[in-house]
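Student: Before I ask anything, let me first share the structure, which is written out below as structure tokens.
Protein chains: 2
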Amino acid sequence: MSCTVAIFGPGLLGGSLLLALRKRQPSTRLRAWARRPEALGPIREKGLADFSDTDPSAVAAGADLVVLCTPVGAMAGLVEQITPSLSPQSIVTDVGSVKAPVHHAIAPLAQGKFSWLGSHPMAGSEQSGLAAAREDLFDGSLTILTPVPATPEATVTSLRSFWESVGSRTITCAPTEHDRRVAAISHLPHLLAAILVNAADADARAVAGPGFRDVTRIAAGPAGMWTEILLENKEAVLLALDALEAGSREARQALAQGNAAEITTLLHKACQARRSLS
Amino acid sequence: MSCTVAIFGPGLLGGSLLLALRKRQPSTRLRAWARRPEALGPIREKGLADFSDTDPSAVAAGADLVVLCTPVGAMAGLVEQITPSLSPQSIVTDVGSVKAPVHHAIAPLAQGKFSWLGSHPMAGSEQSGLAAAREDLFDGSLTILTPVPATPEATVTSLRSFWESVGSRTITCAPTEHDRRVAAISHLPHLLAAILVNAADADARAVAGPGFRDVTRIAAGPAGMWTEILLENKEAVLLALDALEAGSREARQALAQGNAAEITTLLHKACQARRSLS
């Protein structure tokens, strides 16, 4: 376990990390960076960090672990700014929902100056911002670490311990494989949930029951953040959309032909797979 | 309120009606029909009906209200069998998820021999069968009644009272309009949830979080029942699928072009509409 952790971007995930670490690892020294000075107010009022600032280098100084919780597009620029404050023993990770683009942007900056390994804690809610942060956000969650062959085993071990210390399980897979999986189980479902909401007019939505609310719950998530995620992972999302459209064409044909056996097979396969999830 | 109610098909909805009426309307006399004698065992053991049998005519005799809770395909045949036991004052309704086909099958059988008005209580769960029945299943639910211009106002009023007596709110709309609305908020979402599950392989499903579980929860519903619903409402489902595919094409194009503004507009519109639901 690192003893000084710097959190960059105290929103839902970054703020929840501060809360969880304060509660579960009281001896860990916490540092927090936010772009806007106003965002530091609540951090200071609640005593969530031992040091907080808008200067990236000042916050990174002495950190054993830096966790980037900013939008994915801002990460590489921040890392360039803090590299002089880091040591070869420092670990940098992030919490972005897309891993290959982040890996390709940050790995070349490491070069022995710090150790880099991406993380994706699969926790969150349709809310965002520090106000929605919770100390138990990671309890029972799954965090995917995305090492490549060059990643030192010690970095993987340290980062596993970190995520386990805030209540998360961990698994590892390559960055591109991560992006393929999350396109199928998160990004495409989000896009489709939004399309489903938009395809239902107000009269239809007025009779929506719990089923529609479940299917479309994620569509209430912040539009700007999800636009960025979808665009960052667009190759994998487009491939997942191909698979979905192929399934949709088969279902349409079976429906138009009144082919009950084929529809039942489709629904039964999904029913079995879905029941095995919970 | 009717004082003798006959429930045909004591599954999740029929069984929940028996439980709700026993609890909230103890003076109502309850009659229950099931196709298979074994299905009557639990009804009798739990004292859920004053009379139960596998003979439709015997169960319908003397009923002020008959509620058909069988599969939609079995309803017209049952109504033909019980018509001689009914009076012009008897009301026949159903709980089917599709209204135009049921209306077209049953309305011609009424002809002054009984009063017919379709109902769709929008309650249920991914479970089915009497074992899943709950006395509070209709609490806070919405029931759509589907009168046509020829439906007597008194029948609408009686049936509204009946559904309100088990805890449901009611609205009315024409059978075809009902089918269009539920295709958009129930049937198409169900089909898509199943296609989404099938499009994600086991590795992807292994990292699924709460979002995927929400989106796909309804896909755990009974395949046979949903095949029947989708086929009964296939015209409206195919139209809803057209609307969805148009939305999907727009999203695909915006994504491929990296058009952030258009994706944000799509997601923002859905976000606003979804937030207004809850």
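Sequence order for the protein chains is A and B. The first sequence lines up with residues 1 to 278 when you count with the numbering used here. The second sequence lines up with residues 1001 to 1278 when you count with the numbering used here. Glycine included, every Cβ here is placed at the ideal spot set by N, Cα and C. As the structure is a prediction and not an experimental result, all values here were calculated from the model.
Can you list the residues of chain A that B:T1227 reaches, using a CB-CB cut of under 7 Å?
Tutor: A260, I263, T264, L267
Student: Can you check whether the CB of A:E232 is closer than 8 Å to the CB of A:V98?
Tutor: Against a cut-off of 8 Å, the Cβ pair of A:E232 and A:V98 comes out as a contact.
Student: What does the alpha-carbon distance come out to for the pair B:P1101 and B:A1133?
Tutor: 26 Å
Student: Give, in chain order, every unbroken run of the beta strand (DSSP E) that is at least 3 residues long and sits entirely within the stretch 108-155 of chain A.
Tutor: 118-121, 142-146
Student: Among residues of its own chain, excluding the 5 on either side of A:P222, which ones have a beta-carbon nearer than 6 Å to its beta-carbon?
Tutor: S128
Student: Taking Cβ-Cβ distances shorter than 8 Å, what residues in chain B pair up with A:D214?
Tutor: D1214, V1215, R1217, I1218
Student: Give a yes or no on whether the C-beta atoms belonging to B:L1142 and B:V1067 are separated by under 8 Å.
Tutor: For B:L1142 and B:V1067, no; Cβs fall outside 8 Å.
Student: How would you call B:E1228, buried or exposed, if buried means at least 16 neighbouring beta carbons within 10 angstroms?
Tutor: buried
Student: Pull up the distance between the alpha-carbon of A:W226 and that of B:H1268, whole angstroms please.
Tutor: Those two C-alpha atoms are separated by around 10 Å.
Student: For the beta strand (DSSP E) containing A:I91, name the first residue and the last one.
Tutor: Here the beta strand (DSSP E) through A:I91 covers 91-94.
Student: Quick one: Cα of B:V1005 to Cα of B:D1064, how far?
Tutor: 6 Å
Student: Taking 8 Å as the CB-CB limit, is B:V1098 close to chain A?
Tutor: no
Student: Going by the CB atoms, is the gap between B:T1054 and B:L1040 shorter than 8 Å?
Tutor: yes
Student: Rounded to whole angstroms, what is the Cα-Cα separation between B:S1002 and B:F1162?
Tutor: Legend: pLDDT at B:S1002 = 49, less than 50; position of this residue unreliable, value from coordinates given subsequently. Their backbone Cα atoms lie some 7 Å apart in a straight line.
Student: Quick one: does A:V148 have its CB under 8 Å from some CB of chain B?
Tutor: no
Student: May I ask you to list, following chain order, the residues of the stretch 1194-1215 of chain B that have a beta carbon less than 9 Å from some beta carbon of chain A?
Tutor: Of all residues in the stretch 1194-1215 of chain B, A1194, I1195, L1196, V1197, N1198, A1199, A1200, D1201, A1202, D1203, A1204, R1205, A1206, V1207, A1208, G1209, P1210, G1211, F1212, R1213, D1214, V1215 have a Cβ within less than 9 Å of some Cβ in chain A.
Student: In terms of residue numbering, what span does the alpha helix (DSSP H) encompassing A:D203 cover?
Tutor: From DSSP, the alpha helix (DSSP H) with A:D203 extends over 202-205.
Student: Please list the partners that B:S1185 has in chain A, where partner means a Cβ-to-Cβ separation under 7 Å.
Tutor: Residue 1185 of chain B is actually Ile in this sequence, not Ser. When 7 Å is used as the limit between beta carbons, B:I1185 is near these residues of chain A: A200, A204, R205, V207, A208, F212, in chain order.
Student: Within a Cβ cutoff of 7 Å, which residues of the same chain sit near B:P1042, ignoring the five residues on either side of it in sequence?
Tutor: L1130
Student: Just to check my reading of the structure: A:R217 and B:D1214 have Cβ atoms closer than 8 Å, yes? What is that Cβ distance to the nearest angstrom?
Tutor: 5 Å
Student: So, for A:R36: in the same chain, excluding its five sequence neighbours on each side, which residues have a beta-carbon less than 8 Å away from its beta-carbon?
Tutor: T54
Student: Between B:H1120 and B:V1095, how many whole angstroms is the CB-CB distance? I'm expecting something under 8 Å.
Tutor: 7 Å
Student: Confirm, please, whether the CB-CB distance from A:L86 to A:P114 is below 8 Å.
Tutor: The residue you asked about is not Pro; residue 114 of chain A is Phe in the sequence shown. Yes, the Cβ-Cβ distance between A:F114 and A:L86 is below 8 Å.
Student: Is the CB-CB distance between B:I1171 and B:I1144 below 8 Å?
Tutor: yes
Student: Considering just the uninterrupted stretch of the alpha helix (DSSP H) at A:R31, what are its terminal residues?
Tutor: Unbroken run through A:R31 is the beta strand (DSSP E), 29-33; no alpha helix (DSSP H).
Student: How would you label A:A246, buried or exposed, when you count the other beta carbons within 10 angstroms and need 16 or more for buried?
Tutor: With fewer than 16 other beta carbons inside 10 angstroms of its own, A:A246 counts as exposed.
Student: Please compile the residues from chain A whose C-beta is within a distance smaller than 9 Å of the C-beta of B:L1117.
Tutor: Near B:L1117 there are no residues of chain A at all, since even the closest Cβ is about 17 Å away, more than 9 Å.
Student: In the structure shown, what three-state DSSP assignment does B:S1052 receive?
Tutor: Under the three-state reduction of DSSP output, B:S1052 falls in the strand class.
Student: The beta strand (DSSP E) with B:V1005 in it runs from where to where?
Tutor: 1004-1008
Student: Using only the alpha-carbon positions, how far apart do A:G167 and A:G124 sit?
Tutor: 14 Å
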